[in-house]
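Here the structure is laid out as structure tokens; the discussion comes afterwards.
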């Protein structure tokens, strides 16, 4: 029995050895077949490459596709050329505007010698208001300064950030108050704005901050100019404007200064009135009724007044209505377009709400008016 078991074990081992040998032979055959297939593929590739070298190459792309690549390249080149030309043209136009503004006259108004019976005149100057205000005697006695300082959207060219605009705004208000003679009066028409980052920007605060920097300047009255519905909330922009009146005291608080009228003829809440809707960007202009209320107060309560001055006159609302009340008017604006509009705005049409037919009374535009018209 033991011998029989041993023989069976030996036979099983021999059979397993034979199976392993057969498996190895099969693996070797498979490897040989794979090698042969790879060799055949390599030979076929070499044969194809040799045939391609001998035969002339043919374009397989359709003709339309071959034409698209140079056309697209030409379009890209043309667009880049146009963008470069546009930037060059913009720079050239800006340089031309600066040259025109430098050529336009910066004149000092002389109104103190005007007689009460003279017809009201209007003088418009195209210049930088801050440079214009630096001239000595630019605001004579008997002149009221009535203006609205520009918003951020109007001075982006030289004040692109909020901080730059705020510094410009305070400097402009300070320059106006410094230019006042002793006993001079200035009225500011300013609307607050809302900004997501800064909240509500109080222009009244900025003007009063500038007033603290000028010796002898006092706030005389503060009115509110309202437009829209009083009982309805405003979603985006505010619906009221500040009217702030300042004066420069006489001899640091003499008796004459105590007689100054504190806005007794102007309502504390005054209606804004219409704006010149026939002009572009008319929302930047002052309201006709509020402007008229301030000028009527000035004519009634300011002794010896004969001229109204607006260093940031824009379309000329203050100038046109001032002429209607018999005042000489002097306006300054850096924009040649606003320079032309301020010389032509009709005060009677503005007060009545009708579009003007032509021009204001005795408009003086200076020797370079034709050059500004061509801009």
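Numbering (the UniProt record's numbering), first residue to last: 1 to 375.
Backbone N, C-alpha and C fix where the C-beta goes; we use that ideal spot for every residue, glycine too.
Starting from residue i and walking both ways along the alpha helix (DSSP H), at which residues does that stretch end?
i, result
"residue 291", "288 to 301"
"residue 215", "Here residue 215 belongs to no alpha helix (DSSP H), and DSSP marks it neither H nor E."
"residue 173", "162 to 179"
"residue 339", "336 to 344"
"residue 129", "129 to 133"
"residue 347", "347 to 352"
Regarding residue i and the ligand SAM, is the C-beta to nearest heavy atom distance less than 7 Å?
i, result
"residue 314", "Absent from the structure shown: the ligand SAM. Ligands present: none."
Near residue i, which residues of its chain fall below 7 Å by C-beta distance, leaving aside the five closest residues on each side in sequence?
i, result
"residue 114", "Because the pLDDT at residue 114 is just 44, under 50, the model does not fix this residue reliably, and the point stays unresolved."
"residue 351", "288, 292, 321 and 324"
"residue 339", "124, 126, 333 and 372"
"residue 214", "174, 177 and 178"
"residue 133", "175, 176, 179 and 311"
"residue 17", "none"
Among residues of its own chain, excluding the 5 on either side of residue i, which ones have a beta-carbon nearer than 6 Å to its beta-carbon?
i, result
"residue 347", "320, 321, 323 and 324"
"residue 286", "148, 189 and 317"
"residue 245", "187, 220 and 221"
"residue 64", "In this predicted model, residue 64 has a pLDDT of only 49, less than 50, meaning its place in the structure is not dependable; the value taken from the coordinates is given anyway. For residue 64, where only same-chain residues beyond five positions count, there are no Cβ hits under 6 Å."
"residue 159", "165 and 168"
"residue 8", "none"
"residue 48", "none"
What residue from the options has the CA that sits closest to residue i's CA?
i, options, result
"residue 138", "260, 149, 125 and 316", "125"
"residue 165", "26, 201 and 270", "201"
"residue 267", "353, 7 and 226", "226"
"residue 131", "7, 333 and 337", "333"
"residue 191", "175, 272 and 265", "272"
"residue 353", "344, 309 and 274", "274"
"residue 309", "213, 177 and 25", "177"
"residue 196", "213, 170 and 237", "237"
"residue 295", "146, 33 and 123", "146"
"residue 135", "311, 337, 343 and 194", "311"
"residue 180", "120, 247 and 22", "247"
"residue 161", "344, 198 and 172", "198"
"residue 211", "171, 235, 223 and 159", "171"
"residue 326", "120, 48, 163 and 259", "120"
"residue 223", "118, 264, 40 and 38", "264"
Hey, is residue i's beta-carbon within less than 8 Å of any beta-carbon in chain C?
i, result
"residue 119", "Among the protein chains of the structure shown there is no chain C, as only one such chain exists."
May I ask you to list the residues that DSSP assigns as paired with residue i?
i, result
"residue 269", "224"
"residue 191", "According to DSSP, which records beta bridges pairwise, residue 191 is partnered with nothing at all."
"residue 202", "BP columns for residue 202 are empty, so no partner."
"residue 246", "186 and 219"
Among the residues of its own chain, which have a CB less than 8 Å from the CB of residue i, if the five just before and after it don't count?
i, result
"residue 208", "219 and 244"
"residue 155", "165 and 168"
"residue 393", "No statement about residue 393 is possible, as the shown extent of the chain runs from 1 to 375 and does not include it."
"residue 313", "124, 147, 319, 331, 332, 333, 338 and 342"
"residue 290", "189, 225, 241, 243, 270, 271, 272 and 273"
"residue 20", "none"
"residue 262", "220 and 221"
Over the uninterrupted beta strand (DSSP E) stretch that includes residue i, give me the two end residues.
i, result
"residue 239", "Unbroken run through residue 239: none, as it is neither H nor E."
"residue 321", "It is not in any beta strand (DSSP E) - residue 321 instead sits in the alpha helix (DSSP H) that spans 317 to 324."
"residue 144", "143 to 147"
"residue 310", "307 to 310"
ask   = Counting pairs of beta carbons, one from the segment 230 to 237 and one from the segment 213 to 220, are three or more of them closer than 8 Å?
value = Of all C-beta pairs linking the segment 230 to 237 to the segment 213 to 220, fewer than three are shorter than 8 Å, placing the two stretches out of contact.
key: Inter-stretch contact at 8 Å, needing at least 3 Cβ pairs: the segment 131 to 149 / the segment 179 to 194   = Enough Cβ pairs lie closer than 8 Å, so yes.
ask   = Do three or more CB pairs link the segment 289 to 302 to the segment 119 to 133 at distances below 8 Å?
value = In this structure the segment 289 to 302 does not lie against the segment 119 to 133, because fewer than three pairs of beta carbons, one per stretch, are closer than 8 Å.
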